[in-house]
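The sequence shown stops at residue 141 when you use the working numbering, and every number in between is there.
For glycine and all other residues, C-beta sits at the position ideal for the given N, C-alpha and C.
Worksheet for the structure shown next.
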Amino acid sequence: QVQLVESGGGLVQAGGSLRLSCVVSGRFFSSYVMGWFRQAPGKEREFVAEISRSGGPTYYPDSVKGRFTISRDNAKNTVYLQMNTVKPEDTAVYFCAADIGNRRYELWGQGTQVTVSS
24 QVQLVESGGG LVQAGGSLRL SCVVSGRFFS SYVMGWFRQA PGKEREFVAE
74 ISRSGGPTYY PDSVKGRFTI SRDNAKNTVY LQMNTVKPED TAVYFCAADI
124 GNRRYELWGQ GTQVTVSS
């Protein structure tokens, strides 16, 4: 069974940086489209970033564009989220997710908490 394990969350001051990692088990990581999502207390889960299988095209919502960067290392079965110039409104639990080929995110990690202090 494929597992996704996030790490790298924590407490950071506004304006600072943080890098999240997500390690995916199994042999087919390079065939997955990968994404990051977040969920703040009392809010719905929100799309944060997506990266193609090859690491080429990436996508972001306006709320994080220019501040967050998604990347992947297929040799390490790992996807990253570099978060720069963070804001208090970035506070949330961050999840990585995998689209294994069915055009929807089916596999999810357990999440990692990011807290941005003002």
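Candidates the options: which alpha carbon is nearest residue i's?
i    : options                : result
L104 : A120, F52, W59         : W59
G134 : R42, V35, R61          : R61
P64  : T114, R127, I93, N107  : T114
R127 : E73, Q36, R42          : E73
V46  : C119, V109, E129, S140 : C119
N125 : Q24, M57, P84          : M57
E112 : S48, S75, G78, V137    : V137
L41  : K99, N107, Y117, V25   : N107
Q24  : L130, T81, S140        : L130
What do you get for residue i, buried or exposed, if any count of 16 or more other CB atoms within 10 angstroms of its CB means buried?
i    : result
E29  : buried
T132 : Residue 132 is actually Gly in this sequence, not Thr. Per the 10 Å Cβ criterion, buried.
Y55  : buried
F52  : buried
Helix or strand or just coil, what does DSSP make of residue i?
i   : result
S77 : coil
A85 : For the record, residue 85 in the displayed sequence is Asp; it is not Ala. In the structure shown, D85 sits in coil (DSSP, three-state: anything other than H, G, I, E or B).
P44 : Note that residue 44 is Ser in the sequence shown, not Pro. Note: S44 maps to strand in three-state DSSP.
F70 : strand
Residue i lies in the beta strand (DSSP E); which residues open and close that run?
i    : result
R95  : 91-96
F60  : 56-62
Y117 : 115-122
S140 : 135-140
V28  : 27-30
V102 : 101-106
Q36  : 33-36
State the CB to CB distance for the pair residue i and residue j, rounded to an integer number of angstroms; the pair is presumed to be in contact (CB under 8 Å).
i   : j   : result
S44 : G33 : Wrong, their Cβ atoms sit about 12 Å apart, outside the cutoff.
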